[in-house]
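Same order as they appear, the protein sequences are chains W and Y.
Just so we're aligned, residue 19 is where the first sequence starts under the working numbering, counting upward by one.
Just so we're aligned, residue 82 is where the second sequence starts under the working numbering, counting upward by one.
Where a beta carbon is used, it is the ideal one built from N, C-alpha and C, also for glycine.
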Amino acid sequence: MTHLIAQGVSVSFSGRRVLNEVSFEVDRGEWLVIIGPNGAGKSTLLRCLVGLIPHEGSVHISGTDNSEKTRRQRAQELAYVPQTPVRPPGMTVREYIALGRSPHLGYFAGESVRDASIVADVIEVLDLGGLAHRDVTTLSGGEAQRVALGRALAQRAGIVVLDEPTASLDVGVQQDVLQLIDTLRSRQQLTVITTMHDLTTAGQYADRLLLLSEGSVVDKGSATKVLTPENIASHYEANVRVEHSDTGVVVIPVRPNPPDRPI
Amino acid sequence: MEPTVRTPLLKKGWLLAALLAVVFAGLVGLMVGPVSLGTTAALKELANLLPWIDVASELSEIHAGILLDVRLPRLVLGLLVGATLALSGGSYQGVFRNPLASPWLLGVAAGAGLGATIAIVSGGGQMREALPLAAFVGALLGVSLTYLMGYSSSGRTSLTLVLSGIAVSSFLTAGQTFLQMQHSELLRDVFSWILGGLTTASWREVRLILPYVVVSVVTMLLYARRLDVMSVGDDEAESLGINVARTRLVVIVAASLGTAAVVAVSGLIGFVGIIVPHAVRLTVGASYRVILPLSLLFGGAFLVLTDVLAKTIVSPAELPLGVITAFIGAPFFGLILHRSKAVAS
Chain W
19 MTHLIAQGVS
29 VSFSGRRVLN
39 EVSFEVDRGE
49 WLVIIGPNGA
59 GKSTLLRCLV
69 GLIPHEGSVH
79 ISGTDNSEKT
89 RRQRAQELAY
99 VPQTPVRPPG
109 MTVREYIALG
119 RSPHLGYFAG
129 ESVRDASIVA
139 DVIEVLDLGG
149 LAHRDVTTLS
159 GGEAQRVALG
169 RALAQRAGIV
179 VLDEPTASLD
189 VGVQQDVLQL
199 IDTLRSRQQL
209 TVITTMHDLT
219 TAGQYADRLL
229 LLSEGSVVDK
239 GSATKVLTPE
249 NIASHYEANV
259 RVEHSDTGVV
269 VIPVRPNPPD
279 RPI
Chain Y
82 MEPTVRTPLL
92 KKGWLLAALL
102 AVVFAGLVGL
112 MVGPVSLGTT
122 AALKELANLL
132 PWIDVASELS
142 EIHAGILLDV
152 RLPRLVLGLL
162 VGATLALSGG
172 SYQGVFRNPL
182 ASPWLLGVAA
192 GAGLGATIAI
202 VSGGGQMREA
212 LPLAAFVGAL
222 LGVSLTYLMG
232 YSSSGRTSLT
242 LVLSGIAVSS
252 FLTAGQTFLQ
262 MQHSELLRDV
272 FSWILGGLTT
282 ASWREVRLIL
292 PYVVVSVVTM
302 LLYARRLDVM
312 SVGDDEAESL
322 GINVARTRLV
332 VIVAASLGTA
342 AVVAVSGLIG
352 FVGIIVPHAV
362 RLTVGASYRV
372 ILPLSLLFGG
382 AFLVLTDVLA
392 KTIVSPAELP
402 LGVITAFIGA
412 PFFGLILHRS
422 KAVAS
């Protein structure tokens, strides 16, 4: 069942076209990964889905137009974690995760027992019990990413939008975070939309890929279809070898010219 | 799983401590002064103000007058001024996500200073009546100018507002300095107002500022939770359903209105708006749902106690309150900062 439809999404900054007629659909429970070289417009596209920047075209979630909803209604349907979430000094992990309940609270109301139990549930699911009273600024990169994910989950939104969820994490922590997202997705029937730099990670975890280049969609579909040496050469200007494994596609960068020295 | 209980951010113990601080400051404020009033007699006199209590007065008419028409209004005014400055400071720090933000940030002080100077200069000796109004109008004009100017192609952000505040403050302060130089014989009057104090406190001042203070304080307290959400930045706060621009406008208007009102009757009492919220942040917690209500109470108590010092240290003369708040506040704040583990980066 289609969960989100973007149609002809275009954005211009100071007369320069940053996104050009981007259209795609995401099914409920699907993981869509947006890839593309630096400056392709990936983060801008995510920000359009969240409703953070004005754009042409439309974004429909569960059949209704985003532009007809209030911020709170949008936030109840879609949670967003930017590339580097702000961690306010002095705020505990529990308080931070509880911010995710914000779109569900009345205008001047505080947290109810139900909100507190949702936050407790998120803390348990993400195994953050030991960190609940820690200051968010003292967390390691991997812990911080889990906590940011916790805030998004506390929103109880059907769609989770993550901008580069594994940027600046070491490869082990990257895998932990991605496995966690994948588990939550299947357990809670979440629709996940992420951007990714690492093409192998994208090829391993995505149900579908959207390749952006200079603001336009140049290819979309399965990892096998999109992650071809030709696509990557023409849009990333990179020389790669592509291999296929049981778990997905593996993209290996290869030096374009042979070294002078003997190997 | 354990049953979930909602743990309030603001612990009862701290709220009680803050209330006790207010009561203590209140008693000290009423009892300390050149004329000594018996504590029991004074408390009976105060109890008599309550509609359902009727006890015989033990104070002479003059002493009752000192208690009810001199010390009590000064106490109430001190509580209102301290509470509003501390609460506004905490709100400004939240809305600008800047620990250095003070209630003066957006031109309130410079505007009030210019307004008061104009009143003093143009009114000659008759300026007393018009000064609060002139300072109030000046303060609001200063903030409005800052808000109107603080707009760039990327919208109205914390940074554009702060920069605009600096420009507007410099401009208005220059105007104030120019006027002072033209009327150097009135420098003393201008400075005694600028350094702040509650010397002229009466019920009239209390009545004058009360409506503004109530509206401002209630609004800021109601927006505390939203300030917590805004601490994760504009984009993330928007994605959590907060209208950032509107929240910022409402909080700035409320904080500025309250600040303008109290500045109009008390002058520029510095430091309260920075140290009180920070002391709360460093000792109790970083949530605005904790910082704002506790700053309100501790701010009021702090100002009343410093006012007692201002009127006793060189009695019968009085020291400017702004000097005392800085003298007491700075070392106290240094101590808290030094002992704190969680320094806001």
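At the level of alpha carbons, what is the spacing between Y/I356 and Y/E266?
Translated into the one-based positions of the second sequence, residue 356 of chain Y becomes position 275. Translated into the one-based positions of the second sequence, residue 266 of chain Y becomes position 185. One C-alpha to the other measures close to 34 angstroms.
Look up W/E121 in the DSSP assignment and say whether it is helix, strand or coil.
Within the first sequence, the letter at position 103 stands for residue 121 of chain W. With the sequence shown as reference, residue 121 of chain W is identified as Pro, and Glu is not the correct amino acid for it. Helix at W/P121.
Which runs of the beta strand (DSSP E), 3 residues or longer, sit entirely within the stretch 45-86 of chain W?
49-53, 74-79
For W/Y223 and W/G33, the rounded distance between their alpha carbons
Your numbering for residue 33 of chain W matches position 15 in the first sequence. Your numbering for residue 223 of chain W matches position 205 in the first sequence. Taking the straight line joining both Cα atoms gives about 36 angstroms.
Inter-residue CB distance, W/V267 and W/L245 (contact presumed, cutoff 8 angstroms)
Within the first sequence, numbered from 1, the residue matching residue 267 of chain W stands at position 249. Within the first sequence, numbered from 1, the residue matching residue 245 of chain W stands at position 227. 5 angstroms between Cβ atoms; contact.
Using DSSP bridges, identify the partner residues of W/G266.
Residue numbering aside, residue 266 of chain W sits at position 248 when the first sequence is read from its first letter. Answer is W/S263, bridged to W/G266.
Could you pull the start and end residues of the alpha helix (DSSP H) that W/H253 belongs to?
Sequence index remark: in the first sequence, residue 253 of chain W carries index 235 (1-based). Element bounds for W/H253: 247-254.
Can you tell me where the alpha helix (DSSP H) with Y/A282 in it begins and where it stops?
Position 201 of the second sequence holds residue 282 of chain Y. Unbroken run through Y/A282: none, as it is neither H nor E.
Interface residues of chain Y facing W/E113 [CB-CB closer than 9 angstroms]
As a working note, residue 113 of chain W is residue 95 in the first sequence. Residues of chain Y passing the Cβ test: L90, D309, G366, A367, S368.
Nearest by alpha-carbon distance to W/G160: which of W/R46, W/P55, W/D188 is it?
The residue you call residue 160 of chain W lines up with position 142 of the first sequence. Among W/R46, W/P55, W/D188, the Cα nearest to that of W/G160 is on W/D188.
Could you name the residues of chain Y that W/R89 contacts, counting a contact when the two beta carbons are closer than 8 angstroms?
For the purposes of this step, residue 89 of chain W is identified with residue 71 of the first sequence, where counting begins at 1. What W/R89 touches in chain Y: E319, G322, I323, N324.
Hey, quick one: how far does the beta strand (DSSP E) through W/R226 stretch, first residue to last?
Here residue 226 of chain W refers to the residue found at position 208 when the first sequence is read from its first residue. Segment 226-231, the beta strand (DSSP E) holding W/R226.
DSSP state of Y/A423 mapped onto helix, strand, coil
On the second sequence, position 342 is the one that residue 423 of chain Y refers to. Note on Y/A423: pLDDT 49, under 50, position unreliable in the model; the coordinate value appears next. Y/A423 falls in the coil class under three-state DSSP.
Can you check whether the CB of Y/G339 is closer than 8 angstroms to the CB of Y/T406?
Numbered from its first residue, the second sequence carries residue 406 of chain Y at position 325. Numbered from its first residue, the second sequence carries residue 339 of chain Y at position 258. Against a cut-off of 8 angstroms, the Cβ pair of Y/G339 and Y/T406 comes out as no contact.
Beta-bridge pairing of W/F31 - partner residues as DSSP gives them:
For the purposes of this step, residue 31 of chain W is taken as residue 13 along the first sequence, with counting starting at 1. The partner list for W/F31 (beta bridge, DSSP) reads W/R34.
Among W/D216, W/I71, W/D225, W/L217, nearest to W/S204 - alpha-carbon criterion:
Counting from 1 along the first sequence, the entry for residue 204 of chain W is found at position 186. Checking every option, the nearest Cα to that of W/S204 belongs to W/D225.
By the 10 Å Cβ neighbour count, where 16 or more other Cβ atoms means buried, how is W/I177 classified, buried or exposed?
What you label residue 177 of chain W is simply residue 159 of the first sequence in a count that begins at 1. Buried, because 16 or more other Cβ atoms sit within 10 Å of the Cβ of W/I177.
Boundaries (first-last residue) of the beta strand (DSSP E) holding Y/Y232
In the second sequence, residue 232 of chain Y corresponds to position 151, counting from 1. No beta strand (DSSP E) holds Y/Y232; DSSP gives it neither H nor E.
Closest by C-alpha distance to W/V282, when choosing among W/V260, W/V29, W/M19, W/C66
Residue 282 of chain W is absent from the model: chain W starts at 19 and stops at 281.
Measure the alpha-carbon distance for W/V51 versus W/V154 and round it to whole angstroms.
The count along the first sequence starts at 1 and reaches residue 51 of chain W at position 33. The count along the first sequence starts at 1 and reaches residue 154 of chain W at position 136. Their backbone Cα atoms lie some 28 angstroms apart in a straight line.
Secondary structure at W/T212, three-state DSSP: helix, strand or coil?
Within the first sequence, numbered from 1, the residue matching residue 212 of chain W stands at position 194. Strand at W/T212.
How many Å lie between W/L64 and W/G108 at the Cα?
As a first step, residue 64 of chain W is located in the first sequence; it is residue number 46 there, counting from the start. As a first step, residue 108 of chain W is located in the first sequence; it is residue number 90 there, counting from the start. When rounded, the distance between both Cα atoms is 29 angstroms.
Residues in its own chain within less than 8 angstroms of W/R273 by CB, not counting five upstream and five downstream?
Within the first sequence, numbered from 1, the residue matching residue 273 of chain W stands at position 255. So the list reads N257, once near-sequence residues are dropped.
Limits of the alpha helix (DSSP H) - the one that W/A170 falls within:
The count along the first sequence starts at 1 and reaches residue 170 of chain W at position 152. Looking at the DSSP string, the run of the alpha helix (DSSP H) that includes W/A170 is 159-172.
Of all the CB atoms in chain W, is at least one closer than 8 angstroms to the CB of Y/A423?
Position 342 of the second sequence holds residue 423 of chain Y. Residue placement at Y/A423 is flagged as unreliable, the pLDDT there being 49, under the threshold of 50; the coordinate-derived value follows with that caveat. By this cut-off, Y/A423 is an interface position.
What does Y/R306 reach in chain B if we use C-beta pairs closer than 7 angstroms?
The chain labelled as chain B is not found among the protein chains of the depicted structure, namely W and Y.
Quick one: is Y/V313 near chain W, going by C-beta distance under 8 angstroms?
In the second sequence, residue 313 of chain Y corresponds to position 232, counting from 1. Yes, Y/V313 lies at the interface with chain W (some Cβ there is under 8 angstroms from its Cβ).
Interface partners of W/L70 on chain Y, CB under 8 angstroms
Indexing the first sequence from 1 puts residue 70 of chain W at position 52. Residues of chain Y passing the Cβ test: D316, E319, S320.
Three or more C-beta pairs under 8 angstroms: does that hold for the stretch 58-72 of chain W against the stretch 92-110 of chain W?
yes
Could you pull out every unbroken beta strand (DSSP E) segment of at least 3 residues lying fully inside the stretch 321-403 of chain Y, listed in chain order?
none
In three-state terms, what does DSSP make of Y/L214?
Start at 1 with the first residue of the second sequence, and residue 214 of chain Y comes out as number 133. DSSP places Y/L214 in helix when its eight states are reduced to three.
For W/V140 and Y/V331, what's the separation of their Cα atoms in angstroms?
Taking the first residue of the first sequence as 1, we reach residue 140 of chain W at position 122. Taking the first residue of the second sequence as 1, we reach residue 331 of chain Y at position 250. So the alpha carbons of these two residues sit roughly 33 angstroms apart.
Check whether the stretch 154-174 of chain Y touches the stretch 283-300 of chain Y, counting contact only when three or more Cβ pairs, one atom from each stretch, lie closer than 8 angstroms.
yes
Specify the secondary structure class of W/Y114 as computed by DSSP and reduced to three states.
Here residue 114 of chain W refers to the residue found at position 96 when the first sequence is read from its first residue. Note: W/Y114 maps to helix in three-state DSSP.
Please classify Y/W185 as buried or exposed, where buried requires at least 16 other C-beta atoms within 10 Å of its C-beta.
Here residue 185 of chain Y refers to the residue found at position 104 when the second sequence is read from its first residue. With 16 or more Cβ atoms within 10 Å of its Cβ, Y/W185 is classed as buried.
Should Y/R362 be flagged as near chain W, meaning a C-beta pair shorter than 8 angstroms?
Taking the first residue of the second sequence as position 1, residue 362 of chain Y is located at position 281. Chain W, which has a Cβ nearer than 8 angstroms to the Cβ of Y/R362, makes this yes.
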